[in-house]
Amino acid sequence: METWFGVITRQAIRRGSFQSVRQLVRHIDNYITHWNENAAPFTWTATAKGIIGKVQIIERDFRKLLDNNRNLK
4 METWFGVITR QAIRRGSFQS VRQLVRHIDN YITHWNENAA PFTWTATAKG
54 IIGKVQIIER DFRKLLDNNR NLK
């Protein structure tokens with residue numbers, strides 16, 4: 004959701020000047036309508052094995068960080 008609101012903000016809202024909230028809402032609705040004309044489903048390209056591998060690396064590094072901080076006390 005955050006990414007979607009970022010796209011709307013960058014590509015629709017910041018590029019315009021609006022006299023009213025109604026005009027802003029109309030502009031956003033129009034943007035979304037045109038965005039959906041070329042809609043394509045999201046394609047997941049990461050594998051479960053790849054994701055788990057990255058999580059394991061982060062967990063390993065996090066544990067090292069915790070151990071290093073315990074040794075400083």
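Each residue of the sequence shown is one higher than the one before, counting from 4 in this note's numbering.
Each residue gets a CB set at the ideal place from its N, CA and C atoms; glycine is no exception.
Note that the coordinates shown come from a computational prediction; the quantities given were computed from them, not determined experimentally.
Under the three-state reduction of DSSP, W38 is assigned to helix. The alpha-carbon separation between D70 and I55 amounts to approximately 22 Å.
In this structure, D32 is the residue among R13, E5 and D32 with its C-alpha nearest to the C-alpha of E40.
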